[in-house]
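Take 0 as the starting number for the sequence shown in numbering that gives the first Met the number 0 and just add one per residue.
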Amino acid sequence: MLHIVNGDSVANKLRQGIVQDDILVWREVYPHGPVFSDSEGMDNRLVRAAYLEHTLGILSLDYIQISEAQEKALANCHAYEEIVLWFEHDLFDQTMLCYLLHRLSRLHLPKTKLSLLCIGEYPGIERFMGLGQLTVEQLSPLYGTWKLIGEHELKLGTALWEAYTSPNPQLLQNELDEDTLALPFAHEAFKMHLSRFPSTFNGLGIVEHTTLARIHAGMNTAYELFTDVGSTLHTLGMGDLEYAYHLREMSQAPHPLLQIGEWTEFPRLNPGSMPFPDAIIVLTELGNRVLTGAEDWFSTNGIDEWYGGVHLQGDSPKWRWNPERQCIQNIVI
Numbered sequence: 000m001l002h003i004v005n006g007d008s009v010a011n012k013l014r015q016g017i018v019q020d021d022i023l024v025w026r027e028v029y030p031h032g033p034v035f036s037d038s039e040g041m042d043n044r045l046v047r048a049a050y051l052e053h054t055l056g057i058l059s060l061d062y063i064q065i066s067e068a069q070e071k072a073l074a075n076c077h078a079y080e081e082i083v084l085w086f087e088h089d090l091f092d093q094t095m096l097c098y099l100l101h102r103l104s105r106l107h108l109p110k111t112k113l114s115l116l117c118i119g120e121y122p123g124i125e126r127f128m129g130l131g132q133l134t135v136e137q138l139s140p141l142y143g144t145w146k147l148i149g150e151h152e153l154k155l156g157t158a159l160w161e162a163y164t165s166p167n168p169q170l171l172q173n174e175l176d177e178d179t180l181a182l183p184f185a186h187e188a189f190k191m192h193l194s195r196f197p198s199t200f201n202g203l204g205i206v207e208h209t210t211l212a213r214i215h216a217g218m219n220t221a222y223e224l225f226t227d228v229g230s231t232l233h234t235l236g237m238g239d240l241e242y243a244y245h246l247r248e249m250s251q252a253p254h255p256l257l258q259i260g261e262w263t264e265f266p267r268l269n270p271g272s273m274p275f276p277d278a279i280i281v282l283t284e285l286g287n288r289v290l291t292g293a294e295d296w297f298s299t300n301g302i303d304e305w306y307g308g309v310h311l312q313g314d315s316p317k318w319r320w321n322p323e324r325q326c327i328q329n330i331v332i
């Protein structure tokens with residue numbers, strides 16, 4: 000049996016007497032940066048690797064080596080009688096789950112049973128954030144509770160991955176307008192993804208708008224902002240490196256939304272990277288105007304950003320999130 004899990008923390012705990020079988024840790028952060036339906040292709044992998052190094056400090060060579068190793072392990076999984084996927088409810092995991100369902104559906108595995116354990120809550124935990132927060136004792140009862148993955152799950156996972164990686168986000172909106180019950184957490188997770196697009200209200204995505212609102216309400220350090228915004232938007236499953244990237248973009252743009260005190264280095268995945276410091280963060284005059292909707296940020300600054308397979312560029316993003324209608328919208332330019 001092979002268990003595919005979403006992180007080293009979960010894997011290490013499962014190895015402490017719960018799982019005696021092989022474990023494959025899938026290392027990716029699909030909500031961040033360019034993603035492609037054919038992620039195994041070297042050209043696409045190089046594009047993604049370069050972006051992750053530039054924005055998060057993940058060395059391209061390390062990323063490519065890890066990607067190739069885990070893809071090779073997945074391609075050889077026909078040797079197992081059963082494969083169990085361990086995932087949770089947030090976008091970080093749902094994108095990973097859909098990618099794996101997409102890949103597994105393309106492998107010839109006639110003798111391998113596919114199973115899924117995917118939860119969004121846990122008894123006794125008021126705010127369940129993920130499998131990684133569970134102890135060994137809490138993980139143990141989950142063993143064996145997984146459900147069989149059938150054609151419905153494989154088809155939906157494949158459709159969602161292809162829509163998520165498409166340059167046309169309307170395809171993902173269309174999928175969410177259909178029945179997604181085969182993967183019960185997918186709808187909210189991918190809807191949260193769409194809310195990251197620049198809004199029709201002020202050009203901010205949900206992460207940026209929530210951050211500005213918290214600063215306006217009195218929060219003024221990066222760590223408390225990350226803790227609060229991450230908890231509020233827990234369906235994203237956003238990590239500290241991703242959030243630091245958002246702060247960097249908002250504070251270092253030509254026309255910034257934020258002013259950060261004596262803080263010259265942001266957290267990055269490389270040696271010597273600093274954790275979130277206690278530098279004071281305040282809104283700029285533009286930040287206050289944008290928060291109220293008096294000005295549109297991307298009309299002022301322009302944009303060059305990836306949202307799944309969508310690459311928005313220029314000062315008039317073609318695709319916007321409509322917070323009132325709760326859907327993606329094509330803006331006629």
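Glycine included, each C-beta is placed from N, C-alpha and C at the ideal position.
- Secondary structure note for residue 313: its beta strand (DSSP E) is the uninterrupted segment 309-313.
- The beta carbon of residue 29 is closer than 7 Å to those of 94, 95, 98 in its chain, skipping five residues each way along the sequence.
- Within the model, the alpha-carbon separation for residue 107 versus residue 0 is close to 17 Å.
- In the pairwise beta carbon analysis, the region 174-182 is classified as touching the region 147-158: at least three pairs are separated by under 8 Å.
- In the three-state reduction of the DSSP assignment, residue 160 falls in the helix class, which pools H, G and I.
- Under the three-state reduction of DSSP output, residue 324 falls in the coil class, being neither helix nor strand.
- Here the C-alpha atom of residue 217 lies approximately 10 Å from the C-alpha atom of residue 282.
- The alpha-carbon of residue 212 is positioned some 47 Å away from that of residue 20.
- In this model, residue 210 and residue 224 are separated by some 7 Å (Cα to Cα).
- In this model, residue 39 and residue 66 are separated by some 8 Å (Cα to Cα).
- Apart from sequence neighbours up to five positions away, the residues of its chain that approach residue 164 with a beta-carbon distance below 7 Å are 34, 35, 36, 307, 308, ordered along the chain.
- Ranked by Cα distance from residue 25, the first of 279, 200, 73, 205 is 73.
- Rounded to whole angstroms, the gap between the alpha carbons of residue 172 and residue 215 is 32 Å.
- Taking residue 300 as the centre and dropping the five residues before and after it, the same chain places the C-beta of 252, 253, 254 closer than 7 Å to its C-beta, in chain order.
- Within its own chain, the residues whose Cβ lies closer than 8 Å to the Cβ of residue 186, once the five positions on either side in sequence are excluded, are 175, 179, listed in chain order.
- Contact between the region 226-242 and the region 76-86 is not established, with fewer than three Cβ pairs separated by less than 8 Å.
- The C-beta separation of residue 320 from residue 193 comes to about 6 Å, placing the pair in contact by the 8 Å criterion.
- Restricting attention to 292, 100, 130, 240, the CA atom closest to the CA of residue 11 is found in 130.
- Residue 296: member of the alpha helix (DSSP H) spanning 296-300, first to last residue.
- Taking 8 Å as the cut-off, the beta carbon of residue 200 is found no closer than this to the beta carbon of residue 276.
- If you draw a straight line from the Cα of residue 46 to the Cα of residue 53, it is about 11 Å long.
- For residue 34, the three-state secondary structure derived from DSSP is coil.
- At a Cβ-Cβ threshold of 8 Å, residue 111 and residue 161 do not count as neighbours.
- When 89, 204, 134, 18 are compared, the shortest CA-CA separation from residue 292 is found for 204.
- Within the same chain, no residue comes within 6 Å of residue 60 by CB-CB distance, once the 5 residues on both sides are set aside.
- Secondary structure of residue 18 (DSSP, three-state): coil.
- DSSP places residue 125 in the coil class of the three-state scheme, outside both helix and strand.
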